[in-house]
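K.L.:
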Amino acid sequence: MTSSRVRVLVLNAALGPLDYRVPHGMTVEPGSIVIAPLGPRQLLAVVWEPERLPCEEVGDNRLRPLLGVVDAPPIPAPLRRLIEWTADYYLAAPASVLRMALSSTSALEGAKLATEYRATGQVPDRLTPQRQQALERIGDRQGLVRELATMADVSEAVVRGLVKAGAIEAVSVDIDVPYPIPDPAYGVPVLSEQQAEVAGVLCDAVATQPFRPFLLDGVTGSGKTEVYFEAIAAAIAAGKQSLVLLPEIALTEPFLKRFHARFGCEPVAWHSDLRSTQRRRAWRAIATGQALVTVGARSALFLPYANLGLIVVDEAHETSFKQEEGVHYHARDVAVMRGLFERCPVVLASATPAIETRHQVALGRYTELKLPGRYGKAELPAIEPIDLIEEPPIRGRWIAPKLVNAIDETLARGEQTLLFLNRRGYAPLTLCRSCGHRFQCPNCTAWMVEHRLIHRLSCHHCGHMIPTPRKCPECDAEDALVACGPGVERIADEAAALFPDARIAIVTSDTLWSPAKAAEFVNRMEAGDIDLVVGTQLVTKGYHFPNLTLVGVIDADLGLAGGDLRAAERTFQQIMQVAGRAGRGEKPGHVFIQTTAPDAAVMRALVSGDAESFYAAETEARQEAEVPPFGRYAAIIVSSEDKDAANDAARRIGRAAPEVEGMHVFGPAPAPLAMLRGRHRFRLLVHARRQLDVQDVIRDWLGSVEWSSKVRVAVDVDPYNF
Ligand code: ADP
Ligand code: ZN
């Protein structure tokens, strides 16, 4: 850089870009990670092209010098463009997006050696019970003092005490140890003709590196993974990096196994469960280009890949790709933009693509590649409705007789069953039979959900928990509290009563909260140690259990309640996905869906298997209503602990709404979750024509209104769940 003045983006969302002086002897370029002084503080910052981040210029004499350059590769230009685009499109502070790219400041600590701690195996005599318990909980795990303290649920002082006592020792970890290089020739599959054709198209795209989005549209079990593995193999052979995004971290473990079978080693995994040292190692290897394949949750999208050659979004229709906190972005859409800036192909893989994605295909922007049949001898399972009005379960039960019979037969054949209900816990509502009192979360507009396994009532929005009460807090009645409605725990109880010999597992984010737990579940299923799984949406994706032949959907209507514009589409996707777990091997699968509305269009489409006409009807309805993908929405959420302050700000914003042709503002009104984590929430919903630059309008509009500092205003562009 010629001038000694540079513009930087500081890692602080409240601050815009700032100018600094580069002291003598320091060299920086756009992307360099530097340390900038701000008042008495020192902040991480990234050098940026000044013309891309306009700001008020201060005179040369008032510039403060940068304090240092971090020993890490610079943030590459394509990622800088992605950060700008994301901030612009989702109306977020560029620094908030940058934070995701830097992942955690610890990723940047210069030292190549980290110090972790682990048990020495020597247990001193006379340990306090607390220290002893801490040692037991830590087991053979390793981590920073802070991490070990969290694992053992003790204070850091307890861990330090154990270090002093010689029970725990420091180990130094070299974070620049390279990751193994996956071998494209390790476990090469013999592809079916169809697979080979599709893989050929993808490999060509990887070899020539144009920006090109693909929709890899293949029914569940058609071998999409095997196909995109070939594209990854081509990227590895070309020395290029690949990124695979998965919707849940619970899916990484089975993915790692499959990857290992194909490439002879594991890829780099990136998710929230990583220890700080693992995170630093992965970040550096990705930034230097040493790590060739990364698999991760949506946050892996913002890492500084040195030469990305392929992006895969698996189960691309999944709504968990939509981030609902902090920067509200949709990882599927940002992935396509990253492909644009990196100039590389992007593969969206799904058996039930989102209507938005199908629309991009219809417009000719994405190339569709189809795998219409299951791989090998496997057939798609038949889906049969159970009319809950005609053939209801016996009173107080939730599994209808027809499904009970099917489970019975499946158990008798020694095959596995999956019962699906997208509701954690035992019962979604607890009610006092005597006075009608309902248990509500004090912080949220939500009922407290009973979790019988841990004897608690819990709020699924804020995590608030209370011990399950014995008597009603309102009327003091004893034994009057009743559980209303089913959750997975209740279904598991019912199944245990019906089939006392069956080995039953509950699979939800409560039971599969870490990749290790997920791995344990997969192993038990594969070993045949489980006969019946009761699970939430967590079991609907990705898993491949050849001996699982029966799927029962306990409440197919559940997702249809509420006025969400994607309700029918989502129900269709979810049930197709869960149905897709059945009959993936040689044995045929069977699926029952329990519904009170067997004649609803979505149920009929599921039973007939006619996805095309269902999608066509949905798409037409959306077009008529000018809703996504034909029109667009943005939600402005105004929240505060002070209800009046939130209400007042929401009204002011409402009054200041500009008159714009093709745009309409609904509200303000209480948001669908009127209270969340103790904050009162109001919402304005903006509906606009596709062609309108609604972000620009909202930016100017919100810029013209002032509100109390107690109020937070967040914009959710392309919102879900409304
Ligand atoms: P999808 O991702 O489309 O649901 P998968 O890639 O999981 O499908 O494939 C389903 C099953 O078929 C997996 O067990 C996979 O290993 C197997 N399979 C797919 N293609 C092949 C192939 N060409 N050779 C051997 N096994 C394959
Ligand atoms: Zn709550």
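Everything in the sequence shown is counted per the UniProt record's numbering, starting at 1 for the first residue and increasing by one. Backbone N, C-alpha and C define an ideal beta-carbon position, used for all residues, glycine too.
Use the C-beta contact count for Ile-394: other C-beta atoms within 10 angstroms, 16 or more gives buried, fewer gives exposed.
P.N.:
exposed
K.L.:
Is the distance from the Cβ of Arg-679 to the Cβ of Arg-712 below 9 Å?
P.N.:
yes
K.L.:
Can you tell me the Cβ-Cβ gap for Glu-569 and Ile-383, rounded? I've got them flagged as a contact below 8 Å.
P.N.:
Actually they are not in contact, since the Cβ atoms of Glu-569 and Ile-383 sit about 17 Å apart, beyond 8 Å.
K.L.:
Considering only DSSP beta bridges, list what Val-10 is partnered with.
P.N.:
Ala-45
K.L.:
Work out the CA separation of Ile-593 and residue 730 for me, nearest whole Å.
P.N.:
Nothing about residue 730 can be reported from this structure: the residues present for the chain run from 1 to 722 only.
K.L.:
Would you mind listing the beta strand (DSSP E) stretches within the region 91-140 that are 3+ residues and don't spill past its ends, in chain order?
P.N.:
113-119
K.L.:
Name the two residues that bound the continuous beta strand (DSSP E) containing His-451.
P.N.:
For His-451, the uninterrupted beta strand (DSSP E) run begins and ends at 449-451, by DSSP.
K.L.:
Given this structure, state the Cα-to-Cα distance separating Ala-107 from Val-34, to the nearest angstrom.
P.N.:
Interpretation of Ala-107 is limited by its pLDDT of 48, a score under 50 that renders its predicted location unreliable; no figure is taken from the coordinates.
K.L.:
Where Glu-84 and Leu-9 are concerned, what is the direct C-alpha to C-alpha distance, given to the nearest angstrom?
P.N.:
Between Glu-84 and Leu-9, the C-alpha separation is close to 11 Å.
K.L.:
Report yes or no: do three or more beta-carbon pairs, one from the region 580-593 and one from the region 204-223, lie closer than 8 Å?
P.N.:
With contact defined as three or more Cβ pairs closer than 8 Å, the region 580-593 and the region 204-223 are in contact.
K.L.:
Going by the beta-carbon positions, is the gap between Ser-192 and Tyr-375 smaller than 9 Å?
P.N.:
yes
K.L.:
Going by alpha carbons, who is nearest to Tyr-20 out of Ala-446, Arg-52 and Gly-68?
P.N.:
Gly-68
K.L.:
Would you list, in sequence order, the uninterrupted alpha helix (DSSP H) runs of no fewer than 4 residues that lie entirely inside the region 215-245?
P.N.:
224-237
K.L.:
Give me, in chain order, the residues of the same chain whose beta-carbon lies closer than 7 Å to that of Ala-287; leave out the 5 immediate sequence neighbours on both sides.
P.N.:
Excluding residues up to 5 positions away in sequence, Ala-72, Pro-73, Pro-304 and Ala-306 lie with their Cβ nearer than 7 Å to the Cβ of Ala-287 in the same chain.
K.L.:
Would you check whether the ligand ZN has a heavy atom nearer than 8 Å to the C-beta of Asn-12?
P.N.:
For Asn-12, the CB stays at least 8 Å from every heavy atom of the ligand ZN.
K.L.:
Counting only runs of 4+ residues fully inside the region 470-544, write out the alpha helix (DSSP H) ranges in chain order.
P.N.:
488-498 and 515-526
K.L.:
Can you tell me the Cα-Cα spacing of residue 750 and Ala-199, whole angstroms?
P.N.:
The chain is shown only over 1 to 722; residue 750 falls outside these bounds and no answer can be derived.
K.L.:
When the Cα of Ser-434 is compared with those of Ile-407, Glu-474 and Leu-403, which residue comes out closest?
P.N.:
Glu-474
K.L.:
Apart from the five residues just before and just after Ala-207, which ones in its own chain have a Cβ nearer than 8 Å to its Cβ?
P.N.:
Ala-234 and Ala-238
K.L.:
Can you give me the start and stop residues for the beta strand (DSSP E) that Pro-672 sits inside?
P.N.:
663-676
K.L.:
Considering only residues of the same chain and omitting the five flanking positions on each side of Thr-225, which have a CB-CB separation below 7 Å?
P.N.:
Arg-258
K.L.:
Pull up the CB-CB distance for Val-313 and Ala-335, whole angstroms please, since I reckon it's below 8 Å.
P.N.:
5 Å
K.L.:
So is Asn-405 buried or exposed if we call it buried at 16+ other beta carbons inside 10 Å?
P.N.:
exposed
K.L.:
Any chance you could list the residues with Cβ under 5 Å from a heavy atom of the ligand ZN, keeping chain order?
P.N.:
Cys-441, Asn-443, Cys-444, Cys-459, His-461, Cys-462 and His-464
K.L.:
Closer than 8 Å to a non-hydrogen atom of the ligand ADP - does that hold for the CB of Val-219?
P.N.:
yes
K.L.:
Report whether the distance from the Cβ of Leu-388 to the nearest heavy atom of the ligand ADP is below 8 Å.
P.N.:
no
K.L.:
Does the region 335-344 touch the region 262-279, meaning 3 or more C-beta pairs lie closer than 8 Å?
P.N.:
no
K.L.:
Thinking C-beta only, is Leu-481 closer than 9 Å to Pro-467?
P.N.:
no
K.L.:
Between the Cα of Ile-311 and those of Gln-323, His-328, Val-293 and Ser-320, spot the shortest distance and give me the residue it belongs to.
P.N.:
Val-293
K.L.:
Skipping 5 residues on each side, what residues in its chain have a beta carbon closer than 6 Å to that of Val-534?
P.N.:
Correct list, in chain order: Leu-419, Val-488, Ile-491, Ala-492 and Ile-506.
K.L.:
Could you give the distance in angstroms between the alpha-carbon of Gly-364 and the alpha-carbon of Gln-142?
P.N.:
51 Å
K.L.:
Do you know whose CA, among Ala-231, Gly-296 and Gly-339, lies nearest Pro-254's CA?
P.N.:
Gly-296
K.L.:
Taking Cβ to Cβ, would you say Leu-135 is nearer than 9 Å to Gln-241?
P.N.:
The answer is no: Cβ separation not under 9 Å.
K.L.:
What separation, rounded to the nearest whole angstrom, lies between the Cα atoms of Pro-40 and Ser-4?
P.N.:
Counting only the Cα atoms, Ser-4 lies some 23 Å from Pro-40.
K.L.:
With distances taken Cα to Cα, identify the nearest neighbour of Arg-52 among Val-686, Ala-36 and Leu-18.
P.N.:
Leu-18
K.L.:
Since I believe Val-638 is in contact with Ala-650 (beta carbons under 8 Å), could you give me their beta-carbon distance rounded to a whole number of angstroms?
P.N.:
That belief holds up - the Cβ atoms of Ala-650 and Val-638 are roughly 4 Å apart, short of 8 Å.
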